[in-house]
Amino acid sequence: MSSMSEGSGQHPSQSSRERSGLAALVFDAKARSLFFQAMLAIAILGMIWVAIGNAADNLAQQGREFGFDFFDRPSDIQILTTFGTWLVGYEPGQNTVFHVFIIGIANTLIISLAGVFFATIWGFLIGIFRLSPNFVLRSFGTIYVELLRNVPLLLQIFFWTALLRIVAPSQRGEFSTLVPGLLQFDAKGIYGPYPIPHDGMGVVMIALMVAIVAAWGFGKWAKKRQDATGQPAPVGLVSIALIIGLPVVVFLIMGRPLSIEWPNFVSEGPVLRRGFERGIGSYIAPEFMALFLALTTYTAAFIAEIVRAGINAVPKGQSEAAAALGLPKGVAMRKVILPQAFRVIVPPLTSQYLNLTKNSSLAAAIGYPELVAVFAGTTLNQVGRAIEIIAIVILVYLVISLATSAFMNWFNNRVKLVER
Amino acid sequence: MKSKTLAIAAAAVLAASAASAGTLDDVKASGKLKCGVSQGLPGFSTPDDAGKWTGLDVDYCRAVAAAVLGDPEAIEFVSLSAKDRFTALSSGEIDVLSRNTTWTITRDTDLGITFTGVSYYDGQGMMVPKSLGVTSAAELDGATICTNTGTTTELNITDYFQQHGMTFELVALENSDEVVAAYGAGRCDVFTTDRSGVAAERLKLANPGDHMVLPETISKEPLGPSVRSDDDQWEKISRWVLNALVEAEELGITSENVEEMMSSENPSVQRVLGVGDNDYGKSMGLEADWAKKAIAAVGNYGEIYDRNVGPDTPLGLERGVNALWTDGGLMYAPPIR
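Chains A and B, in that order, are what the protein sequence lines are. Basically this note's numbering = 1-based index in the first sequence + 103. Basically this note's numbering = 1-based index in the second sequence + 18.
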């Protein structure tokens, strides 16, 4: 028995030593895998090479050139009044294609930021609803998640667009109130007050920043003191008092350097003159609202599931231990459960943020002028440089996504378990 | 995964390269003409109740298919948005674009495509609700306007308002049905596109009688087919099929009398129909009777016009500038000889 096992154990090593160099390489797992990886790399590079060559040939055959000089061309397209056009101060014929590009990026960023912010809040709420002992809240959470994440997003965008059109008064010279005394709307958009800063508003903004820094410093000091002495400080109250109080005091001292421009409603005269006057007060296009509602509610459904999974991933023993220590439920949630749940929540949350940003490109269907609609759509049709423009748009999305990822990785590193 | 994506991308580029040369051979080999049409514009390209594509633009494609393949049904219709149409053509996804497309210098020189003629002389018009109390485009200061994105109308309307020192807001949507829906819901005060399109889309509204077309025509919109710029032979086929349809109307050749006309003594008729020694198809890579097959399939230009957009159709558009030059219109085909 023992001699046989010895023999079979020695056999392979003996024979491999006997084989010639090439055969040894073929039977060497490491060399084999290196060989196939090199072959794959060569094949891929070859294909890219052929593709680039073909693209260049095709362009040359069709008499088209490659370049980015179109950015300087004047742009004579009219763009829907949105954050981007406000930021650039866009006037057709007065600006260049580059400005249109900036408008596209600005509109993509604003819808993404607004969407991410509200989808996070709404998603956390729904996620906590789904774990609630309250039957109504729990059922609402379940129905909400199952309904919204199982219906295609484009359909939901059309749904919100149609809904906004149905609830809004369609005739010129009519409007409805969204928030009494503050926001009104008609079929053409939502109208509200517009703040106009005067001299001295800068000082108020500085006061606000000082207050934020002070509140942050106070929080740090309070935590240190609590770690050392066990005495808690009312961090929340003090922070709110600082952040609101200080700027308000400075605002009053500076003599209220801010005036409010209210939207001007015209109900008389020729029909086309009726309605809210353009360029007075602030304005939100219904296309933005529809896209915002669709992206927020849709992404919130996914975030809710991530939050639920994250909280469920914290072992029950943790909340029992917190209860045994006598921590109130809220404190246990904030100090024991959530910090641990965050480690599970943050990575998939990042991909939801990225999804929301990329999904905003569906806006082309309803006419919200974000990057894809206005730059890869209207501008592309005008200047005809498909390869260049699509490459630029891909690059912009890549930069936005990588920046989001970098930020979320930084945040993830902060909340992850520190190993001692 | 990465390598797979790249392989697909590379394959797409390879395919595009293969398709760009010898369109005629490709069409003959596949037995189908790939024709780019709209997403549904009554009178120009729209599927009927039975799902069969009809319209003026569609009939042009049928004429090309008949001339090239001998079968007006051997067509694969590709429904395209205004935004996607040029990329679809230049990338080889379609062989001919016949989708109420305006011929402009930028499109002819910058996009890698070539226009081969004018199949309909149009101009941009505007529709407003009667309740607006507006009778002329000059009264539209401050209006909100709905139109298709990626179109010349989008640019013309800006020009028009700037010239007249008027302000406006533009909602540019991708799908024509969405544009009509937005207009119908009061999102916009004005709906604008080519006059023929305005007439067609008006029929889609809940109460067409509540809406009116303003008298102004604010632009020239010569609509015509286009092909890729890198294929001379295919470009000539596309151009001369259209010319043959117009020439046929001038000579009185119709889909009904085309067989009798084969024995006509008129040398012009003989040349168009390829009777006797007349063979103008050969140098284009076609049979001698290429034009005869096209006319037999869809009729001459006048027949196509009357069947799809003429006074007896729901669109009810008079011939106007689209009449033959002999009747005071703009339709004029260079001689076939």
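Here a beta-carbon is modelled for each residue, glycine too, at the ideal position from N, C-alpha and C.
### Proximal chain B residues relative to Arg359 of chain A, where beta-carbon distance stays under 9 Å
In chain order: nothing, as chain B lies at least about 33 Å away.
#### Entry: The beta strand (DSSP E) enclosing Pro60 of chain B, as first and last residue numbers
No beta strand (DSSP E) contains Pro60 of chain B, which DSSP labels as neither H nor E.
### Query
Between the stretch 310–319 of chain B and the stretch 261–280 of chain B, do three or more beta carbon pairs fall short of 8 Å?
yes
#### Entry: Listed by chain order, chain A residues near Gln251 of chain B by CB distance under 8 Å
Residues of chain A passing the Cβ test: none, with the nearest at roughly 14 Å.
### Enclosing alpha helix (DSSP H) for Cys79 of chain B [first to last residue]
74–87
### Message
Suppose the cutoff is 6 Å on Cβ atoms and the five residues either side in sequence are ignored; what does the same chain contact list for Tyr201 of chain B look like?
### Response
Cys164, Phe209
### Query
Where do the ends of the alpha helix (DSSP H) carrying Pro389 of chain A lie?
389–415
### Query
In terms of alpha-carbon separation, which member of A:Ala146, A:Ala158, A:Val129 lies closest to Pro489 of chain A?
Per the sequence presented here, residue 489 of chain A reads as Ala, with Pro not at that position. Minimum Cα distance to Ala489 of chain A is reached at A:Ala158.
### Task
Note down, in chain order, every chain A residue with its Cβ under 9 Å from the Cβ of Leu152 of chain B.
For clarity, residue 152 of chain B is Val in the given sequence; the question names Leu instead. In chain order: Pro373, Val374, Leu375.
### Message
Quick check: is the beta carbon of Ala393 of chain A nearer than 7 Å to any beta carbon in chain B?
### Response
no
#### Entry: Residue from A:Gly384, A:Ala317, A:Ser362 whose Cα sits closest to the Cα of Phe368 of chain A
A:Gly384
### Per-residue DSSP class, three states only, for His229 of chain B
strand
### Query
Is it buried or exposed for Ile497 of chain A, if we count other Cβ within 10 angstroms and need 16 for buried?
exposed
### Message
Taking CB distances under 7 Å as the criterion, tell me whether Ser504 of chain A reaches chain B.
### Response
no
### Whole-number beta carbon distance between Leu191 of chain B and Val1 of chain B, since they are thought to touch under 8 Å
Chain B is shown from 19 up to 355; residue 1 of chain B falls before or after that span and cannot be answered.
### Query
Where do the ends of the beta strand (DSSP E) carrying Gln287 of chain A lie?
286–289
### Message
Below 8 Å on C-beta distance, what does Pro195 of chain A contact in chain B?
### Response
Thr176, Gln180
### Task
Could you confirm whether any beta carbon from chain A is found closer than 7 Å to the beta carbon of Arg220 of chain B?
no
### Task
Determine, using beta carbons only, whether Arg359 of chain A and Gly230 of chain A come nearer to each other than 7 Å.
no
### Query
Along chain B, which residues have their Cβ under 7 Å away from the Cβ of Ser273 of chain A?
Ala203, Gly204
### Identified DSSP bridge partners for Tyr319 of chain B
According to DSSP, Tyr319 of chain B bridges with nothing at all.
### Query
Does the pairing of the stretch 86–105 of chain B with the stretch 115–128 of chain B give three or more beta-carbon distances under 8 Å?
yes
### Query
When DSSP labels each residue in this structure, what does Thr460 of chain A get in the three-state scheme?
helix
### Query
According to DSSP, is Ser97 of chain B helix, strand or coil?
strand
#### Entry: Cross-chain neighbours of Lys101 of chain B in chain E, by beta carbon under 7 Å
The structure shown has no chain E; the protein chains it does contain are A and B.
### Query
Gly54 of chain B versus chain A: which residues are under 8 Å apart at the beta carbon?
The premise fails here: Gly54 of chain B is roughly 15 Å from chain A at the closest Cβ pair, so nothing lies under 8 Å.
### Message
DSSP three-state label for Tyr193 of chain A, please.
### Response
coil
### Query
Using a beta-carbon distance cut-off of less than 9 Å, what residues from the stretch 174–206 of chain A approach chain B?
Asp179, Ile180, Gln181, Ile182, Leu183, Thr184, Pro195, Gly196
### Task
Label Val113 of chain B either buried or exposed according to how many other C-beta atoms from any shown protein chain fall within 10 Å of its C-beta, with 16 as the threshold for buried.
As written in the sequence, residue 113 of chain B is Asp, which differs from the Val given in the question. So Asp113 of chain B counts as buried.
### Query
Closest by CA to Pro65 of chain B, which one among B:Pro353, B:Gly334, B:Asn326?
B:Asn326
### Query
Which residues in the same chain have their Cβ closer than 8 Å to the Cβ of Leu150 of chain B, if we skip the five residues on either side of it in sequence?
Asp207
### Query
Which residues in the same chain as Met145 of chain B place their Cβ atom closer than 8 Å to its Cβ, once the five residues preceding and following it in sequence are excluded?
Tyr201, Val208, Phe209, Thr210, Val216, Glu219, Arg220, His229, Met230, Val231, Leu232
### Task
Compute the Euclidean distance between the alpha carbons of Leu129 of chain B and Asp172 of chain A, then round it to the nearest angstrom.
16 Å
### Query
When the distance is taken between beta carbons, is Tyr294 of chain A closer than 7 Å to Tyr193 of chain A?
no
### Task
State yes or no: is the C-beta of Thr211 of chain A within less than 7 Å of the C-beta of Glu473 of chain A?
yes
### Query
Under the rule that 16 or more other beta-carbon atoms within 10 Å means buried, what is Gln329 of chain A, buried or exposed?
exposed
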